[in-house]
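Beneath this line is the structure, given in structure tokens, with notes to follow.
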Amino acid sequence: MKPNNWKIGIGISIIALAVVIGNYRVKKNELYIPQVEANKEEIVLKWMIFGEKSSNYQGVNARFNKELQQYYPGTTVEFDIIPIENYKERWDMKMATNEAVDLAWIGNDIFNYTEEVKKGSFIALDYLLSTYGQNLLSEIPSEIWKMQQREGKTYSVPLLGALYRKDYEIVLNKSYAASYNSLQELIRMNRESPYTTKECYKSIEAYLAYIDRQDLSHTGISYKTFSKIVDKGYEGIYGPESPFVIKIFDKKMTVYNKYELENYRDYFETMYEWYQKGYIRKDIEELLDPYKEDGKKFGSILFLQEYGEHGVVRDNVDTEYEIISIPIQNYKYIAYDSTRNAVAIPKTSKNPKRALEIINLLNSEEGAKLYQLLVNGFEGRHYVQLPNGQVRSVNDESGKPLYKLSHYALGNVFLDFENTEGEFEQIRTYNKKAIRSPLIGFELDTRMIVLEMKKIDLVVRQYRDKLISGTCENWEEVYQEFIEKMKQAGSEKVIEEIQRQIDLFTQINNTNIN
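The sequence shown begins at 0 in numbering that gives the first Met the number 0 and counts up by one.
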């Protein structure tokens, strides 16, 4: 199928969900805040979010808690701000040790939402929402709430903003890439291909060879971020790291073990070849932080990060150079498993009622100023407001903002200030035009395959990192052993069972990719 005919070939209509997402506006409803007696017991909420903790955090947090007293006297919030690359590991540790957490950001790019629900990680919110979350229920469309439900119960609050999953761009140093004669071919090949093929890697390798000939200083490719490129065009079933996928441009939903596909084999072979040629640094296995050189002037020669126009992506790397951005796809995609960003109340919460009330507040116009304070800090010190209503961060000498938190992790993005003209309208447009997964509404019953899936996950953890780093001398033998071990663990049985359930879902719901 030609890339220019994808939309026709896919034939997915943007129905009720996309309409309400695209046309969403914040309503001007008055928020109900219950009266709280000043002499009640003090409550401290623990809130876990992703991000980078700045030296200015304490002052902003103190002001936030001071302002919060007018709504909930005696309540304060402590934020546990964790780098995104460590977030899931820290979450798992907190849940394993029953550490008290009252609120937690949940993202569909690193969480298997359904599995967390089955493990009992989240509190069901239906009663709390009906009693203390009226604003949330009225502001967030029902179609979006449904994505957070499992077996009829709601386990998290979806955060309005970008609802499509992340897609990526290749980031190059403009001072290096601008003089590369085949740059347009590299862009065309990776932008138009529905999946990442051997030809895509060859177009990138030609650029790496050019850089080597120029004898320019760098630390090789960012292999961890680059591994995202091979998943283009696939949707994982039962979590973002699942080996089991559908191809989103197939006419019929067919389940594959992605590691058995030719595209993945080509990727592992390419990484081996690039390691041998020096495009991946030789000490890669010794690195404690494989992302450290991304954006540095003499660091990663290329890396991947989320792509978006008109400033819709705020959490990207602050580079020390001007960049050339190469988007690797020309569409947005709404995955089936859950919304992109949500806030859950974990099973270890000591104050679930107040936690839900705080979320209700921060997702309302009544609480917009509090939300803006958390995200942007103090006006005049951490940001300046421009005449057109947008804001600009105040940066330190290195170019990093003096203070910021991700507005995706805390509340309704549309209650924030814009950083760039047209930012929010671009998000709405992306939401409205995004391809919707044909699996929306599907819930995988894992009871017959749960043991096999756990065994397969262990095999993946044993082999995957070796292969994506390119360091295996006998990579072909290791790859074949990897595939065979997954089969021994039951991968064929898992594929058969998932396919059976998807076929039944398709039959009942009269849905498919075409």
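Positions of the beta carbon are idealized from the N, C-alpha and C atoms, including for glycine.
Bear in mind that the values here come from a model prediction, so they are computed numbers and not experimental data.
Beta-carbon proximity check, residue i vs residue j, cutoff 9 Å
| i | j | result |
| --- | --- | --- |
| residue 146 | residue 338 | yes |
| residue 189 | residue 300 | no |
| residue 420 | residue 387 | yes |
| residue 271 | residue 474 | yes |
| residue 448 | residue 484 | no |
| residue 314 | residue 371 | no |
| residue 431 | residue 330 | no |
| residue 135 | residue 351 | no |
| residue 131 | residue 355 | yes |
| residue 288 | residue 170 | no |
| residue 402 | residue 56 | yes |
| residue 252 | residue 438 | yes |
| residue 209 | residue 154 | no |
| residue 177 | residue 429 | no |
Element boundaries [beta strand (DSSP E), containing residue i]
| i | result |
| --- | --- |
| residue 75 | 74-81 |
| residue 384 | 382-384 |
| residue 477 | Looking at the DSSP string, residue 477 is not in any beta strand (DSSP E); the run it does join, the alpha helix (DSSP H), is 474-488. |
| residue 390 | 390-392 |
Contact belief for residue i with residue j at Cβ below 8 Å, rounded distance in angstroms
| i | j | result |
| --- | --- | --- |
| residue 91 | residue 45 | Residue 91 to residue 45, Cβ: 16 Å. No contact. |
| residue 157 | residue 334 | Actually they do not touch by this definition, with Cβ atoms about 13 Å apart. |
| residue 108 | residue 165 | 5 Å |
| residue 168 | residue 304 | 6 Å |
| residue 238 | residue 278 | Not a contact, Cβ separation roughly 30 Å. |
| residue 256 | residue 436 | At roughly 19 Å, the Cβ-Cβ gap does not stay under 8 Å, so residue 256 and residue 436 are not in contact. |
| residue 361 | residue 48 | With 8 Å as the limit, residue 361 and residue 48 do not qualify as a contact, their Cβ atoms being about 12 Å apart. |
| residue 349 | residue 122 | Their Cβ separation, rounded to whole angstroms, is 11 Å, which puts residue 349 and residue 122 out of contact at 8 Å. |
| residue 194 | residue 231 | 6 Å |
| residue 221 | residue 274 | That pair is no contact at about 14 Å. |
DSSP beta-bridge partners of residue i
| i | result |
| --- | --- |
| residue 171 | 301, 323 |
| residue 195 | Looking at the DSSP assignment, residue 195 forms no beta bridge with any residue, so it has no partner. |
| residue 103 | 47, 343 |
| residue 235 | 244 |
| residue 220 | 301 |
| residue 378 | 382 |
| residue 156 | 342 |
| residue 400 | 394 |
| residue 435 | 333 |
| residue 256 | 243 |
| residue 149 | 152 |
| residue 507 | Looking at the DSSP assignment, residue 507 forms no beta bridge with any residue, so it has no partner. |
| residue 42 | 74 |
| residue 283 | Answer is none; residue 283 lacks a bridge partner. |
| residue 121 | 345 |
Given residue i as reference, the closest of the options once Cα atoms are compared
| i | options | result |
| --- | --- | --- |
| residue 240 | 40, 106, 202 | 106 |
| residue 442 | 126, 456, 223, 496 | 496 |
| residue 471 | 74, 108, 284 | 284 |
| residue 425 | 180, 348, 312 | 312 |
| residue 258 | 279, 87, 267 | 267 |
| residue 102 | 136, 247, 252, 120 | 120 |
| residue 143 | 336, 429, 382 | 336 |
| residue 86 | 57, 100, 65, 50 | 50 |
| residue 326 | 432, 448, 225, 63 | 225 |
| residue 427 | 411, 275, 439, 455 | 411 |
| residue 310 | 118, 390, 62, 227 | 390 |
| residue 397 | 295, 275, 461 | 295 |
| residue 260 | 246, 250, 273, 251 | 246 |
| residue 434 | 221, 234, 242 | 234 |
| residue 152 | 61, 125, 422 | 125 |
| residue 70 | 365, 223, 460 | 365 |
| residue 464 | 316, 223, 229, 423 | 223 |
| residue 381 | 367, 363, 404 | 404 |
| residue 211 | 196, 192, 179 | 179 |
| residue 104 | 297, 192, 280, 358 | 358 |
Segment limits, alpha helix (DSSP H) that includes residue i
| i | result |
| --- | --- |
| residue 62 | 56-67 |
| residue 353 | 351-361 |
| residue 164 | First-last for residue 164: undefined, no H or E at that position. |
| residue 116 | 112-118 |
| residue 425 | 422-432 |
| residue 266 | 261-276 |
| residue 134 | 133-138 |
| residue 468 | 449-468 |
CB contact below 9 Å: residue i versus chain D
| i | result |
| --- | --- |
| residue 104 | The question asks about chain D, but that chain is absent: this structure has only one protein chain. |
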